[in-house]
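Quick note, the sequences are listed as chains H and C, same order. Note that my numbering has the first sequence beginning at 77, numbered continuously upward. Note that my numbering has the second sequence beginning at 25, numbered continuously upward. Every residue, glycine too, gets a C-beta built ideally from N, C-alpha and C. Input: a single structure, listed below in structure tokens.
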Amino acid sequence: MASKKTPPSNKTVAKVPTGITGLDEITEGGLPAGRPTLICGTAGVGKTLFGLEFVLKGAKLYNEPGVIVTFEEKPEDLAMNVASLGYDLKKLQDKGIISVDHVHVERSEIEETGEYDLEGLFIRLGYAIDSTGAKRVLLDTIENLFSGLSNQGILRAELRRLFNWLKEKKVTAVITAEKGDGTLTRQGLEEYVSDCVILLDHRVTNQVSTRRLRIVKYRGSIHGTNEYPFLIDEEGISVLPVTSLQLNNDVSSQRVSSGMPELDSMLGGKGFFRGSTILVSGTAGTGKTSIAATFADASCKRREKCLYFAFEESPQQIIRNMRSIGLDLQKHMDEGLLRFHSSRPTLYGLESHLVSIHKKIAAFKPKAIVLDPITNLIIAGQISDVKSILLRLIDFVQSEKITTMFTALNLNTSPNEQTDEGVSSLVDAWLTIRDIESNGERNHGLYVMKSRGMKHSNQVREFVITDGGLKLVDVYVGAEGILTGSSREAQQLAEATGLELRTYALGRKDREIDRKRKVLEATISSLREEFESVQDELNKTYLEEDLRKQITEKNRAELSLKRSNKTVNGKNK
Amino acid sequence: MAKTNKAVKKKPMQQSPERWELRLYVAGATPKSMSALENLKRFCEEYLKNKYSLEVVDLLAHPQLAAGDQILAIPTLVRKMPVPIRKIIGDLSNEEKVLVGLNLKPLN
Numbered sequence: 077m078a079s080k081k082t083p084p085s086n087k088t089v090a091k092v093p094t095g096i097t098g099l100d101e102i103t104e105g106g107l108p109a110g111r112p113t114l115i116c117g118t119a120g121v122g123k124t125l126f127g128l129e130f131v132l133k134g135a136k137l138y139n140e141p142g143v144i145v146t147f148e149e150k151p152e153d154l155a156m157n158v159a160s161l162g163y164d165l166k167k168l169q170d171k172g173i174i175s176v177d178h179v180h181v182e183r184s185e186i187e188e189t190g191e192y193d194l195e196g197l198f199i200r201l202g203y204a205i206d207s208t209g210a211k212r213v214l215l216d217t218i219e220n221l222f223s224g225l226s227n228q229g230i231l232r233a234e235l236r237r238l239f240n241w242l243k244e245k246k247v248t249a250v251i252t253a254e255k256g257d258g259t260l261t262r263q264g265l266e267e268y269v270s271d272c273v274i275l276l277d278h279r280v281t282n283q284v285s286t287r288r289l290r291i292v293k294y295r296g297s298i299h300g301t302n303e304y305p306f307l308i309d310e311e312g313i314s315v316l317p318v319t320s321l322q323l324n325n326d327v328s329s330q331r332v333s334s335g336m337p338e339l340d341s342m343l344g345g346k347g348f349f350r351g352s353t354i355l356v357s358g359t360a361g362t363g364k365t366s367i368a369a370t371f372a373d374a375s376c377k378r379r380e381k382c383l384y385f386a387f388e389e390s391p392q393q394i395i396r397n398m399r400s401i402g403l404d405l406q407k408h409m410d411e412g413l414l415r416f417h418s419s420r421p422t423l424y425g426l427e428s429h430l431v432s433i434h435k436k437i438a439a440f441k442p443k444a445i446v447l448d449p450i451t452n453l454i455i456a457g458q459i460s461d462v463k464s465i466l467l468r469l470i471d472f473v474q475s476e477k478i479t480t481m482f483t484a485l486n487l488n489t490s491p492n493e494q495t496d497e498g499v500s501s502l503v504d505a506w507l508t509i510r511d512i513e514s515n516g517e518r519n520h521g522l523y524v525m526k527s528r529g530m531k532h533s534n535q536v537r538e539f540v541i542t543d544g545g546l547k548l549v550d551v552y553v554g555a556e557g558i559l560t561g562s563s564r565e566a567q568q569l570a571e572a573t574g575l576e577l578r579t580y581a582l583g584r585k586d587r588e589i590d591r592k593r594k595v596l597e598a599t600i601s602s603l604r605e606e607f608e609s610v611q612d613e614l615n616k617t618y619l620e621e622d623l624r625k626q627i628t629e630k631n632r633a634e635l636s637l638k639r640s641n642k643t644v645n646g647k648n649k
Numbered sequence: 025m026a027k028t029n030k031a032v033k034k035k036p037m038q039q040s041p042e043r044w045e046l047r048l049y050v051a052g053a054t055p056k057s058m059s060a061l062e063n064l065k066r067f068c069e070e071y072l073k074n075k076y077s078l079e080v081v082d083l084l085a086h087p088q089l090a091a092g093d094q095i096l097a098i099p100t101l102v103r104k105m106p107v108p109i110r111k112i113i114g115d116l117s118n119e120e121k122v123l124v125g126l127n128l129k130p131l132n
């Protein structure tokens, strides 16, 4: 689709918004103003409703009066039909905003003789338009005239005149017509109404019916050319919003927690980016829903609203099951932070799922959503359809900055690690949980397969579901490979024992050294004593020697003195 | 519904000599309308002399009257009485068809 907007020039066709969700986007503004538009399609596809919505929404949203000319249904039936969509037709008629005219042609009552024209219809229509000041006109199955009147030549000429006249009246008209065999309409009305032709279609594929809409032509305007699925529900028609294929969504660098601190730490320590899409894949029973519920719980704990789409379990079931791992989701529901939306994938077609997801998101305005699991959507459609739907959904949630978590079931048989839906390339972060089977046990290993724009751990962590929530445990890599579960615990035990033994051994050695030191110290002190006694002995010898020496000196002195005296005496003699 | 009620009320009043109430819807003095009126007057004088009443409604002047008798084509002749209501559209140029349509002449 070439959605480059051309600058509005004065040549551009003026448009009238229909007010029908999504249609104004496809037509880039609505139906051509002041011109007739043909809505064709098979029975029961919603043509009348389409036209009614155009007129009634015009009155309600854009304050434009309208005229409904019905060739089929009686005004009372019509009033009843639109009452279910929340319109009070009687009141609108009394206010003079809407005029309803039932044109009834009963062939058995009518005899045709000679020339005539449909001026009566023109007058009725003109009167209705002038009395209400109508801007919008619905002619519901004008083809019924063909069964009421036999002169086709007159009828065709008059219809051509009617459509020209409607243009002159400057009203935007919607004309419904039944689809013919090989032609857009049974009576070839598309020849007369050539400005805008919208084809509605109702197809059943694999027992799932989907309504689709296609703009066959739209003169003087760019429009989407694809088939767009649409849905009729209690709010009327919604056409599936067009995907913006321009990848220019604003991104946030804010981070949100996954609810598991260990997982956050694997994701650069802070968790996911706000507004990113996360895929959690894994085989059956690996705890995908638990991860999703933990994520939802974390969101609610941040006081951010979370919407949980469950395609497998009922809300009660999920709440009960999550209570077993210590998550109280009921509390969040009571506070209005969490809302569940459970539906069977086969309830309606994929597009309807998408539309209903859109609507629920628009109504609840969550900050986070969970789709659990997307795998089941395949039941409702083809794989390629699922991918395109998810692409559109991802596009939508990213533009709304909603953090989204998908869970997907991996089949053991799939040779590669791609999910069946092939969405792994579209998501921003992908966690996968894999069975690790060893020693007669099945344990789960969690990997971060990818996480755009952030540092993330390359490690396999063991994923354990405990009473207190989800835990990620370091995986032991031992001689026999990766250890998980009880062998991991055994390994942990063995390591703890080893540690104990080592400390004990260390203690003993310490004491030994202590003892040795004490012995050594004792030896040292005894040697010192010995040394001192030797020193004493030596000192004593020294002293005696000295003493003896002194005494000897003294004696010698005395002796010599005595001798000298003797000599003197001798001389003297 | 209202029409039949009216008819039921009127019937016993007028007894068996049937009174024909005819209404011709036209939109301005177009050639088709004028020829229809001429033709109609001729038939009435011929077949229904003194037991008919004819009302000509110009929808250009009274557009709101068109819905009541479910007028679509112009000109339209409506036989209000006797019931059932019959409508003949066109310029009434085919005498045979008009007489059959008004139930003045059985189908051969």
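Identify, in the order they occur along the chain, each residue of the same chain with its Cβ nearer than 8 Å to the Cβ of residue i, setting aside the five sequence neighbours on each side.
i: K65/C; result: L78
i: T261/H; result: L114, C116, E219, A253, E254, K255
i: V88/C; result: Residue identity check: residue 88/C is Gln in the sequence provided, not Val. Excluding positions up to five away in sequence, the list is empty.
Since residue i and residue j should fall inside the 8 Å C-beta cutoff, what is the C-beta to C-beta distance between them, to a whole number of angstroms?
i: I251/H; j: P151/H; result: 19 Å between Cβ atoms; not a contact.
i: T451/H; j: I354/H; result: At roughly 16 Å, the Cβ-Cβ gap does not stay under 8 Å, so T451/H and I354/H are not in contact.
i: T217/H; j: G172/H; result: In fact, because the Cβ distance is near 25 Å, the residues do not count as touching under 8 Å.
i: L128/H; j: I102/H; result: That belief does not hold up - the Cβ atoms of L128/H and I102/H are roughly 19 Å apart, past 8 Å.
i: L276/H; j: G122/H; result: 6 Å
i: Q474/H; j: G351/H; result: 6 Å
i: P449/H; j: T483/H; result: 4 Å
i: A109/H; j: A90/H; result: 4 Å
i: L383/H; j: H429/H; result: Wrong, their Cβ atoms sit about 14 Å apart, outside the cutoff.
i: A444/H; j: A372/H; result: 7 Å
i: V551/H; j: I558/H; result: 5 Å
If we ignore side chains and look at the alpha-carbon of each, how far apart do residue i and residue j end up?
i: E493/H; j: N486/H; result: Confidence at E493/H is low in this model, with a pLDDT of 49, below 50, so its placement is unreliable and the value that follows should be read with caution. Distance between the alpha carbons of E493/H and N486/H: 8 Å.
i: L123/C; j: H180/H; result: 24 Å
i: E513/H; j: A360/H; result: 14 Å
i: I600/H; j: K594/H; result: 10 Å
i: A97/C; j: V292/H; result: 32 Å
i: D115/C; j: V247/H; result: 31 Å
i: V213/H; j: D271/H; result: 15 Å
i: K531/H; j: S562/H; result: 31 Å
i: L83/C; j: A60/C; result: 15 Å
i: G202/H; j: P141/H; result: 14 Å
i: E303/H; j: D100/H; result: 15 Å
i: E42/C; j: E182/H; result: 25 Å
i: G544/H; j: G335/H; result: 12 Å
i: H278/H; j: V503/H; result: 32 Å
i: P337/H; j: R578/H; result: 33 Å
i: T100/C; j: I186/H; result: 9 Å
i: Q611/H; j: E588/H; result: 34 Å
i: E234/H; j: H434/H; result: 44 Å
i: R468/H; j: D410/H; result: 31 Å
List the residues of chain C whose Cβ lies closer than 7 Å to the Cβ of residue i, in chain order.
i: L194/H; result: L96, A97
Applying a beta-carbon distance threshold of less than 7 Å, which residues of chain H neighbour residue i?
i: A91/C; result: D177, R200
i: Y49/C; result: G196
i: N118/C; result: T189, G190
i: K121/C; result: E187, T189
Can you list, in chain order, the residues of its chain with a C-beta nearer than 7 Å to that of residue i? Leave out the 5 residues immediately preceding and following it.
i: F239/H; result: P112, Y268, V269
i: H299/H; result: I102, T103, E104, I291
i: T124/H; result: D216, T252
Residue i touches chain H at which residues, Cβ-Cβ below 8 Å?
i: D115/C; result: T189, G190, E191, Y192
i: V124/C; result: E187
What does a CB cutoff of less than 6 Å around residue i pick up in its chain, not counting 5 residues either side in sequence?
i: L242/H; result: P112, A249
i: P83/H; result: Low confidence applies to P83/H: its pLDDT is 44, below 50, so where it sits in the model is not reliable, and the reading given next is rough at best. Counting only Cβ-Cβ distances below 6 Å, and skipping sequence neighbours, we find nothing.
i: K441/H; result: none
i: T362/H; result: I509, H520
Given that residue i touches chain H, what residues does it touch there, using C-beta distances under 9 Å?
i: K111/C; result: E182, E185, I186, E187
i: K141/C; result: The structure shown does not extend to residue 141/C, since chain C is modelled only from 25 to 132, so the question has no answer here.
List the residues of chain C that residue i touches, going by C-beta distances under 9 Å, in chain order.
i: Y203/H; result: L83, P87, Q88, A90, A91
Problem set entry | chain D contacts made by the stretch 60-87 of chain C, where a contact means CB separation under 9 Å | Considering every chain present, this structure includes no chain D. Its protein chains are H and C.
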